[in-house]
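Before any comments, here is the structure.
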Ligand code: IVH
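Numbering (our numbering), first residue to last: 3 to 703.
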């Protein structure tokens, strides 16, 4: 299919092969336009056309993450070279392998070897090795010591990831025994399936908790690649990466005569070599080995997508050489894709511990490559819409990278006439609170954090934790127990526990003393400073630092509550004020507003406020500070101190530092080259200070 015809197809309709073809074309085309724009200043297409190319590329990559190219435009964007890795030039190129898919393809591969070498009677001896789906690396050893290692990159030059490779326990720093003066050893870095699932679950948890820069990976291969390409080796060190060695690159002397011997040498030097690798005396043995590996595949601890067959004699390998980017002496015999079709019975919405709503497909159970599958994640609402998945549809299921079942698409011809597009709920199925989706995010979240049963236990654990309300004697297990008993639903319930002292004492494993200690600990916390109180509420993105900013700005619970309610209106003065607090960005403001927009949260907050006394936070300013309780804006460049320094000082002196000038601003400090803020201050007739005046009032002069 030509480019234009391909380009007009919906992304959902592309086969994997077409997608790969189009990604290659897009990479070249976008690179061309980048050069035209940046280097020659002579764009050939409009910005909108350019954006359309980039979007198309991104959409295809989102559907086929495993096809993302080394030279993908999405990788180039925002990836400054200075921050990346040094180039790693391979001694001899790192190539890929040609694929065959059946016995006929393999026989053709053998026939080509015979033709090329002019063989007749000789048997072809092979070594079969499971083809692990990871990423290949090249390891340079000199005088038996590991000196450097790199990724494959474009085959000629990869990235120098030496520091990261050094964290791999399976990588020998020194080759045990005699070794050539200089040798490149090649192998596959990968993550085992179980390690991947555990690692990814943790990533998902962190992502859900709102942590920045955390990624969830589509499969073990991507996770391994992402882990090895970390800029900070300490991060790589924590990832469960493994290595199997299997090939040789440039070498100062030939350390073996056959591939079998070569694998022996690798073992002797201390490398892990795949224990399933097997010598096959004749080419006829390959089919049985292939069938055996296909059979064992599901039970292996790591993903394999086929078997690599390598001609055993290295002298023959040398004569055969390469054609294009692949050797003539080796081939990858791939397994057929593990797909199956089944019917989608319903879409369930699960509520995570931090309120994320995740859709899950429930299907008629079906066997996909040896594993019975009945559930698949649908990721998020966009995914359902993009693939137009409807309840009742016949869906095509695939086990991606062997582990996680995925719905690849639907069989449109089999759609029941009454099937309707899935309406993603806008309220939480666990508690009925609003479920909102912040602009630019894909995840919809329940906003009823304080009362939602799906989140209650997590929230309560946070609420009593040391840095929040600091209630001793109320660990996670006890909270779970009291929650299950129905005594603890929302934070205010904690302060009603003292009334149940006798009942607590009667619980198994508690006793009078333990109940009394808990009651004391609770009573001791009936007074709490506003910043701790805000932090304890567990509002997303409101950590200790932001809680402190809010408490310092609003001083009292009543004021904060009132201003947050008023800030629900976009464009309101209260909303502007919130946004102008130094350190409180729009995303944080949004979370606060959403928290207050949910009546259940307000009820829980008010119930809590009836139980505890929330102490006002004053700015801890010296009593005589002229800035105590006043708001201040800095604009322009200060000569004698940096902006952050000045702002910190103002805060220490009890001022509220804000970013924008409004009628409520008390002081505007005007530095050099001040712009519109100075003009606005003049317009509103506000009190302005020069840098010298500010210093004097701050007691510095
Ligand atoms: S040999 C010239 N052996 O498959 C020989 N590759 O499609 C090239 N792979 O880039 C590599 N297991 O990432 C070889 N036992 C194995 C392998 C293997 C996995 C990967 C490797 C390579 C890709 C080629």
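Don't be surprised by glycine CBs; every beta carbon is placed ideally from N, CA and C.
Is the beta carbon of residue 521 less than 7 Å from the beta carbon of residue 500? yes
Taking the alpha carbon of residue 59 as the point to measure from, which residue in 47, 93, 35, 24 has its own alpha carbon closest? 24
Out of curiosity, what's the CA-to-CA distance linking residue 273 and residue 263? 14 Å
May I ask you to list the residues that DSSP assigns as paired with residue 408? 400
Using the three-state DSSP reduction, which class does residue 423 fall into: helix, strand or coil? coil
Leaving out five residues on either side along the sequence, give the residues of the same chain with a beta carbon under 7 Å from the beta carbon of residue 29. 71, 73, 74, 75
From the DSSP output, in three-state form, read off residue 143 for me. strand
Under the criterion of a Cβ to heavy atom distance below 6 Å, does residue 18 qualify as lining the ligand IVH? no
Just checking residue 310 against the ligand IVH - is the residue's beta carbon closer than 6 Å to any of the ligand's heavy atoms? yes
Three-state secondary structure (DSSP) of residue 691: strand
According to the Cβ coordinates, are residue 471 and residue 526 closer than 7 Å? no
Less than 6 Å separating the Cβ of residue 99 from some heavy atom of the ligand IVH? yes
In three-state terms, what does DSSP make of residue 250? strand
Over what stretch of residues does the alpha helix (DSSP H) that includes residue 270 continue unbroken? 261-271
Under 7 Å, do residue 565 and residue 599 count as touching if we go by C-beta distance? no
Pick from 429, 230, 433, 490: whose alpha carbon is nearest that of residue 459? 490
Where residue 448 falls: helix, strand or coil (DSSP): strand
Residue 110 to residue 329 span [Cα, whole Å]: 15 Å
Distance cut-off 6 Å: residue 190 Cβ against heavy atoms of the ligand IVH: yes
Buried/exposed call for residue 395, threshold 16 Cβ in 10 Å: buried
Going by DSSP, which residues form a beta bridge with residue 335? 102, 309
Confirm the yes/no value for this check: CB of residue 576, any heavy atom of the ligand IVH, distance under 6 Å. no
Should residue 248 be listed as close to the ligand IVH, given that the test is whether its C-beta is under 6 Å from any heavy atom? yes
Going by DSSP, which residues form a beta bridge with residue 256? DSSP, once it has assigned bridges, lists no residue as partnering residue 256.
Taking the C-alpha atoms as reference points, what is the distance between residue 585 and residue 227? 35 Å
Element boundaries [beta strand (DSSP E), containing residue 132]: 128-134
Residue 403 to residue 531 span [Cα, whole Å]: Per-residue confidence for residue 403 stands at a pLDDT of 48, beneath the threshold of 50, marking its modelled position as unreliable; the derived number appears in the next sentence. Looking at the two C-alpha atoms, the distance is approximately 51 Å.
Contacts around residue 185, its chain only, beta-carbon distance under 6 Å, and the 5 residues preceding and following it disregarded: 143, 253
For the ligand IVH, is there a heavy atom less than 6 Å away from the beta-carbon of residue 138? yes
Please tell me whether residue 137 and residue 95 are closer than 7 Å, where the distance is taken between their beta carbons. no
Residue 138 bridges to which residues according to DSSP? 190
Residue 352, buried or exposed, once every other Cβ within 10 Å from all chains shown has been counted against 16: exposed
How long is the line joining the alpha carbons of residue 449 and residue 631, rounded to whole angstroms? 32 Å
Does the structure place the segment 406-413 close enough to the segment 317-326 that three or more beta carbon pairs sit under 8 Å? no
Could you round the C-beta distance between residue 231 and residue 163 to whole angstroms and report it? I think they count as a contact, below 8 Å. 7 Å
The ligand IVH and residue 277: does the residue's C-beta get closer than 6 Å to at least one heavy atom of that ligand? no
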